[in-house]
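Peer 1: Heads up, the sequence shown is in the working numbering, so the first residue is 267 and it goes up one at a time.
All C-beta atoms, glycine included, are put in the ideal place defined by N, C-alpha and C.
The structure presented is a predicted model; accordingly, all values stated were derived computationally and were not measured.
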Amino acid sequence: MGDLINLFPQYFSSIQFVEGENYSPDSVIQFNYSFGSQLLSANIKIRAVDDVKKSLVYKVIEGDVLKHYKVFELRIEAVNGGKSKGGGGSFAKWTIVFEKANENVAAPQDYLEWFVEVSKGVDAYLSKNKN
């Protein structure tokens, strides 16, 4: 997890397990992160890990995002896209399941865009360091 801090110091100031020690269901990870001009935090519980589908499901159980959303769950899946003209074989599919705290709260499009930026950075890093 320290790799995310090293790759994205502009986004992540700390990431640590507060329950559990690895990426297994029921482990809880605390993220301190920059979002726009704000420094925010979230405790995220790993709900599911599927090695066959190459997917993870996280649910925010505490933190700043819950001021705006009653439910905020992230689903990440590595999808094998096959060889395409662009050259890449796999891609990350992000799904956000959310329930607004009230009708004045916008859909979390800005979070989705933030996740896309992080995914692009991870992809660039992995492409450069294939060994």
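Assess, as a yes-or-no matter, whether the stretch 292-309 is touched by the stretch 324-331 under the definition of 3 or more beta carbon pairs within less than 8 angstroms.
Peer 2: Yes, since at least three Cβ pairs between the stretch 324-331 and the stretch 292-309 fall closer than 8 angstroms, the two stretches touch.
Peer 1: Between which residues of its own chain and Glu379 is the CB-CB distance below 6 angstroms, once the five residues before and five after are set aside?
Peer 2: Nothing listed; no residue qualifies.
Peer 1: In terms of residues, what are the limits of the alpha helix (DSSP H) holding Ala390?
Peer 2: Gln375 to Lys394 is the span of the alpha helix (DSSP H), which, as asked, contains Ala390.
Peer 1: Alpha carbons only, please: which of Ser293, Glu339, Gly347 and Ser300 is nearest the one belonging to Val384?
Peer 2: Closest option to Val384, Cα to Cα, is Ser300.
Peer 1: Of all the options Glu343, Ile362, Asp292 and Glu365, which has the alpha carbon lying nearest to the alpha carbon of Ser356?
Peer 2: Comparing Cα positions, the closest option is Glu343.
Peer 1: If you drop the 5 nearest sequence neighbours on each side, which residues of the same chain put their C-beta closer than 6 angstroms to that of Ser321?
Peer 2: Around Ser321: Glu343.
Peer 1: Taking the straight line between their C-alpha atoms, what separation do you get for His334 and Ile362?
Peer 2: Their Cα atoms are separated by approximately 14 angstroms.
Peer 1: With DSSP as the reference, please indicate the residues paired to Ala367 in a beta bridge.
Peer 2: Paired residue(s): none; Ala367 is not in a bridge.
Peer 1: In the DSSP output, what is Ala344 paired with across the bridge?
Peer 2: Ala344 pairs with Ala358.
Peer 1: Looking only at its own chain, which residues have a Cβ that is under 7 angstroms from the Cβ of Tyr277, when we skip the five neighbours before and after it?
Peer 2: Closer than 7 angstroms at the Cβ level, and outside the excluded window around Tyr277, lie Tyr299, Ser300 and Val384.
Peer 1: Which residues in the same chain as Gly286 place their Cβ atom closer than 6 angstroms to its Cβ, once the five residues preceding and following it in sequence are excluded?
Peer 2: Ser293.
Peer 1: From Asp269 to Leu392, what distance separates their C-alpha atoms?
Peer 2: Straight-line Cα distance between these residues: approximately 11 angstroms.
Peer 1: Taking 8 angstroms as the limit between beta carbons, can you name the residues of its chain near Glu339, skipping five residues before and five after?
Peer 2: Arg313, Val323, Tyr324, Lys325, Val326, Ile362, Val363 and Phe364.
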